[in-house]
Amino acid sequence: MIERFLVWLGETPWSVALLESLYAWPFVESAHVLTLGLFVGTTAMMDLRLLGIAFRKVPVTAFTGRLLPWTRIGFVIMTATGLLLFYSQPLRYYHNVFFRVKVLVLILAGVNAWIFHRGAHRSAGVWDWDARPPRAARIAGAVSLTAWALVVITGRLIAYNWFDCDIQPQPAWVNWMAGCAVAVGGAE
0 MIERFLVWLG
10 ETPWSVALLE
20 SLYAWPFVES
30 AHVLTLGLFV
40 GTTAMMDLRL
50 LGIAFRKVPV
60 TAFTGRLLPW
70 TRIGFVIMTA
80 TGLLLFYSQP
90 LRYYHNVFFR
100 VKVLVLILAG
110 VNAWIFHRGA
120 HRSAGVWDWD
130 ARPPRAARIA
140 GAVSLTAWAL
150 VVITGRLIAY
160 NWFDCDIQPQ
170 PAWVNWMAGC
180 AVAVGGAE
């Protein structure tokens, strides 16, 4: 059922026009990469502060207060352009192993940010000037740095078709991870 919807979505006139566009698709992809840089760059700076590695003499609340608006702008544009990229080839992305890993890591990063902002960040005024923030903040920073590094890596690997469903035979674990429907005897 999901695959039928994605096939339909990928065959809509707007999806086809976006994918085949000489200028729109490269512009959307470039905007995605540039705003990813803005988002991940500001996030990494905040994470390094949370880890107590960099910007140790800057109060956490002042630091996040200045960077979060830029981080949010990057996030909104990055998300919108990412959805447009998915819309241009939904079935291909759906079956891409690296895209699936990226989505899982994005969920992890989102949950981590939510937990941090609902927990440790609420008491940031107490540890604002601490060169080494509390353990919960350091864990959130480490998880965030790791997750966003993985998002960038897996996002870049999406372009490679090592595990596309139309390349058979593939090992059974690859077909399972990519959700490929393969005829019996079509995979090792």
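Numbering that gives the first Met the number 0 applies: residue 0 is where the sequence shown begins, and numbers increase by one.
Think of the CB as a built atom: it goes at the ideal place given N, C-alpha and C, for glycine as much as any other residue.
By how many angstroms is the C-alpha of residue 22 removed from the C-alpha of residue 107?
-> Here residue 107 corresponds to residue number 108 of the sequence shown, with the count starting at 1. Here residue 22 corresponds to residue number 23 of the sequence shown, with the count starting at 1. If I take the Cα positions, the gap works out to 33 Å.
Within its chain, find whatever has a CB closer than 6 Å to the CB of residue 5; leave out the 5 residues flanking it on each side and keep chain order.
-> The residue given as residue 5 occupies position 6 in the sequence shown. If we look at residue 5 and ignore the five residues flanking it on each side, its Cβ neighbours are 89, 90 and 93.
State the DSSP-derived secondary structure class of residue 56, mapped to helix, strand or coil.
-> Along the sequence shown, read from residue 1 onward, the residue named residue 56 stands at position 57. If DSSP states are grouped into helix, strand and coil, residue 56 belongs with coil.
Leaving out the 5 sequence neighbours to the left and right, which residues in its chain are closer than 7 Å to residue 31 when beta-carbon positions are compared?
-> Here residue 31 is taken as the residue at index 32 of the sequence shown, counted from 1. Closer than 7 Å at Cβ, skipping near neighbours: 77, 80, 81 and 84.
To which residues of the same chain is residue 87 closer than 7 Å at the C-beta, ignoring the five residues directly before and after it?
-> Mapped onto the sequence shown, residue 87 falls at position 88. So the qualifying residues of the chain are 14, 17, 18 and 24.
Out of 10, 126 and 153, which has the shortest C-alpha to C-alpha gap to residue 58?
-> The count along the sequence shown starts at 1 and reaches residue 58 at position 59. Of the listed residues, the one whose Cα sits closest to residue 58 is 126.
Can you grab the Cα-Cα spacing for the pair residue 122 / residue 1, in whole Å?
-> Position 123 of the sequence shown, counting from 1, holds the residue named residue 122. Position 2 of the sequence shown, counting from 1, holds the residue named residue 1. If you take the alpha carbons of residue 122 and residue 1, they lie about 43 Å apart.
Three or more C-beta pairs closer than 8 Å, one from the stretch 156–173 and one from the stretch 109–124: is that the case here?
-> Between the stretch 156–173 and the stretch 109–124 there are fewer than three C-beta pairs closer than 8 Å, too few to call the two in contact.
Element boundaries [alpha helix (DSSP H), containing residue 115] | As a position in the sequence shown, residue 115 is number 116, starting the count at 1. 96–117 is the extent of the alpha helix (DSSP H) around residue 115.
Using a threshold of 8 Å, state whether the C-beta atoms of residue 153 and residue 104 are closer than that.
-> Position 154 of the sequence shown, counted from the start, is the residue given in the question as residue 153. Position 105 of the sequence shown, counted from the start, is the residue given in the question as residue 104. Cβ atoms of residue 153 and residue 104: closer than 8 Å.
Helix or strand or just coil, what does DSSP make of residue 166?
-> In the sequence shown, counting from the first residue as 1, residue 166 sits at position 167. In the structure shown, residue 166 adopts coil according to DSSP, grouped into three states.
Verify whether the separation of the beta carbon atoms of residue 64 and residue 41 is less than 8 Å.
-> Translated into positions along the sequence shown, residue 64 becomes position 65. Translated into positions along the sequence shown, residue 41 becomes position 42. No, the pair does not count as a contact, with Cβ atoms beyond the cut-off.
Find the nearest neighbour of residue 156 within the set 101, 174, 180 and 10, judged by alpha-carbon distance.
-> If you number the sequence shown from 1, residue 156 lands on position 157. Considering only alpha carbons, the answer is 101.
Give the secondary structure of residue 186 by DSSP, where H, G and I count as helix, E and B as strand, and everything else as coil.
-> Sequence index remark: in the sequence shown, residue 186 carries index 187 (1-based). Unreliable placement is indicated for residue 186, whose pLDDT of 47 sits below 50; the coordinate value is still reported in the next sentence. The three-state reading of DSSP puts residue 186 in coil, since its state is none of H, G, I, E or B.
Secondary structure, beta strand (DSSP E): runs of 3+ residues fully inside the stretch 15–77 = Runs of the beta strand (DSSP E) inside the stretch 15–77: none found.
What residues in its chain sit with their C-beta under 6 Å from that of residue 95, if we drop five residues either side in the sequence?
-> For the purposes of this step, residue 95 is identified with residue 96 of the sequence shown, where counting begins at 1. Counting only residues of its own chain and dropping the five nearest sequence neighbours on each side, residue 95 has a CB closer than 6 Å to the CB of 157.
With DSSP collapsed to three states, give me the class of residue 80.
-> As a first step, residue 80 must be located in the sequence shown, where it is residue number 81. Correct three-state label for residue 80: helix.
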